[in-house]
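Residue numbers (the numbering used here): 227 to 522.
All residues carry an ideal CB built from backbone N, CA and C; glycine is no exception.
Computed from a prediction, not measured in an experiment: that's the story for all the values here.
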Ligand code: GLU
């Protein structure tokens with residue numbers, strides 16, 4: 227292994243160990259949108275992950291904590307909120323675990339596959355695009371939402387209007403994400419103008435400080451940032467990819483994958499998904515409906 231790769235590995239490893247938050251009694255800003263009692267007597271035959279959860283008596287969910295509207299941790303209350311968090315809670319509840327039995331673990335994009343494969347998290351809900359490369363390493367239930375790659379720029383910048391206007395611009399995104407791969411593969415800007423961090427909030431700081439010109443990732447994430455500072459930030463151009471979000475889990479745990487797909491399908495059918503969307507992402511974005519499950 228090259229030293230550079232090793233160094234990146236160590237940084238990613240260290241980051242994935244940070245911020246393991248227990249959530250207290252539901253309340254305040256973190257109150258679940260869907261707050262029915264957790265299911266009882268649940269069995270998931272043949273799921274090693276479910277057996278581990280049962281022995282522990284708690285479920286450990288991998289999330290993001292700096293993506294408002296999706297996966298966000300309130301610095302004051304420590305409460306998590308957002309669309310991904312609600313989906314994560316719904317799944318936990320249907321597995322038999324209420325909000326007081328969930329431990330959230332913040333895992334950045336580049337560390338997701340390792341965290342899942344190592345069993346550091348039972349499942350992961352955090353703007354995680356399903357694709358064939360990742361399917362070699364992890365399993366995916368879903369999709370439960372489809373985002374598209376977009377561009378976030380400073381409000382007064384009219385020079386960036388779409389993906390073909392990025393040449394000569396400093397473009398920031400996150401290591402191990404599909405958007406950064408697309409910028410590199412499609413050579414949307416010069417290699418020395420591609421700036422990578424472990425988290426999108428680091429790119430956001432760089433954008434506000436004028437160290438970079440654009441933050442690119444899923445429009446759902448960018449809308450959350452723009453909504454927080456509408457006088458400073460805006461989205462530019464149309465979305466230029468399809469990012470179907472899946473719930474990541476151990477590759478070999480087909481039983482848990484099937485169970486989570488059942489939970490998602492039921493939430494599509496009974497209106498729960500819509501209720502969650504309307505209370506979170508739907509507040510700042512356009513109306514949306516659920517996608518079709520892949521079930522592979
Ligand atoms: N959905 C994209 C991905 O999974 C970008 C968002 C993220 O990094 O979580 O790579």
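Ligand 1 never approaches residue 473 closely enough for any of its heavy atoms to be under 7 Å from the residue's Cβ. Taking residue 311 as the centre and dropping the five residues before and after it, the same chain places the C-beta of 297 closer than 6 Å to its C-beta, in chain order. Classified as buried, residue 290 has 16 or more neighbouring CB atoms from the shown chains inside 10 Å of its CB. Residue 348 sits close to residue 275, with the two beta carbons spaced by under 8 Å.
Comparing alpha-carbon positions, the option among 414, 424, 328 and 435 lying closest to residue 380 turns out to be 435. For residue 409, no beta strand (DSSP E) run applies; the uninterrupted alpha helix (DSSP H) run containing it begins and ends at 404 to 411, by DSSP. Remark: three or more beta-carbon pairs, one from each stretch, lie closer than 8 Å, so the region 469 to 483 and the region 355 to 369 are flagged as touching.
Counting only runs of 3+ residues, the beta strand (DSSP E) found wholly inside the region 315 to 376 occupies 328 to 332 and 364 to 373, in chain order.
Nearest in C-alpha terms to residue 475, of all of 382, 343, 317 and 447, is 343.
With a cutoff of 8 Å on beta-carbon distance, residue 392 and residue 317 are scored as not near each other.
Cβ atoms of residue 481 and residue 271 come within 8 Å of each other, at about 6 Å. By the CB criterion at 8 Å, residue 367 and residue 486 fall inside the cutoff. By the Cβ-count criterion, residue 522 is exposed, with fewer than 16 other Cβ atoms from all chains shown falling within 10 Å of its own Cβ.
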